[in-house]
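What follows is a single structure, written as structure tokens, with notes after it.
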Amino acid sequence: MTGGLSGASMLVCGGGSGIGRGVVDAYVAEGARITIIERSTEAAARVRRDHGSAVRLMVGDATDAATLTEAVDTAVSGFGGLDNVTCCVGVFDFYASLRDMSLSELAVAAEESWRANVLSALLAVSIAYPHLRRRRGSVTLTLSESAFHPVGGGVLYGSAKWALRGLVSHLARDLAPEVRVNGVAPGGTTGTNFGGLRALGQTETAGTVDGRDERIRANTLLGVLPTPSDHACAYVYLADTCKSRVLTGVVINTDGGKA
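Quick note: the sequence shown, position 8, residue 137 per this note's numbering, numbers continuous.
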């Protein structure tokens, strides 16, 4: 199957599971060729098995500039250029409260959250920009309902996502007119399994939290339980220049509706 992204070269940071994997599946269905950074060897192997020559996999850390540089070079050399960078890397804080952290925990945990949720995106865009500029490409950042409402996470996760909301606006102005920058702000999503902050000893993953799906459904106006593929349609729209060439600095909220 091919569509509006036929032949496009995309870089997806964090494309092995959860929303990132849903985005990869949707991009491939639209005919794109994708370079993926994924930390999990097992998740990377599953993507390679399912999508074959349409993808190139790099197992590594998307907060590392050298890894990102290698991934961008791989996309450019393997697929002839770079049309879009999509950032889906993130780490949760499992609703941690400032009141429950010591000063030393706070300092280390805040840095960990910032590196994963914000710095990874800044680095990816900075490294990819010269190539995106040549193709008049685009950037799509992954925010959260936490970037608009004080829900869906704790103070560290929420503040990082608010920072990404600002980053969409500032990068859109900074990189115009050659590169468009937009975002998607998913609400709670089933089928995701992202982890917590090591600095706070959070060893659980989102998929193991009891009753999470029921709470997600109850907190949407539409009474829906979003899946990664529900969000992926917005990413496809924003990456497709024919459909969204006049959009930059825009965030699409795919959260099921919030009162």
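Cβ atoms here follow ideal geometry from the backbone N, Cα and C, with glycine treated the same way.
Bear in mind that the values here come from a model prediction, so they are computed numbers and not experimental data.
Output the residue ranges of the alpha helix (DSSP H) runs that lie fully inside the region 225-278 and measure 4 residues or longer, sorted by chain position.
-> 232-243 and 249-264
Which value, in whole angstroms, describes the spacing of the CA atoms of R265 and A257?
-> 12 Å
Pick from A239, C142 and R244 that is closest to A204, judged by C-alpha positions | C142
Reducing DSSP to helix, strand and coil, say where G283 ends up.
-> coil
Taking the runs of the alpha helix (DSSP H) that are 4 residues or longer, which of them lie wholly in the region 159-209?
-> 170-180 and 194-208
Same chain, Cβ closer than 6 Å to M130, neighbours up to 5 away in sequence not counted = Since pLDDT at M130 reaches only 48, below the 50 mark, its modelled position is unreliable, and the value read off the structure follows with that caveat. Correct list, in chain order: A158.
Is it right to say H299 is buried, meaning 16 or more other beta carbons lie within 10 angstroms of its own, or is it exposed?
-> exposed
For the alpha helix (DSSP H) that C371 lies in, which residues bound it at each end?
-> T370 to S373
Contact check, T192 vs A236 under 8 Å by CB: the rounded distance?
-> In fact, because the Cβ distance is near 17 Å, the residues do not count as touching under 8 Å.
Around the C-beta of N322, are 16 or more other C-beta atoms found within 10 angstroms, so that it is buried, or is it exposed?
-> exposed
Which same chain residues, not among the five before or five after G207, have their C-beta less than 6 Å away from its C-beta?
-> R185
Cα separation between V380 and V297?
-> 8 Å
Once you ignore the five residues that flank A183 on each side, which residues in its own chain have a CB closer than 8 Å to its CB?
-> V157, A161, R162 and I163
According to DSSP, is L350 helix, strand or coil?
-> coil
Does the beta-carbon of A289 have 16 or more other beta-carbons within 10 angstroms, so that it is buried, or is it exposed?
-> buried
What three-state label does DSSP hand C142 in the structure shown?
-> strand
Mind checking which residues open and close the beta strand (DSSP E) that includes C216?
-> N213 to C216
Taking contact to mean at least 3 C-beta pairs separated by less than 8 Å, is the region 209-227 in contact with the region 142-151?
-> yes
By a C-beta neighbour count over all protein chains shown, 10 Å radius and 16 as the cutoff for buried, is A155 buried or exposed?
-> buried
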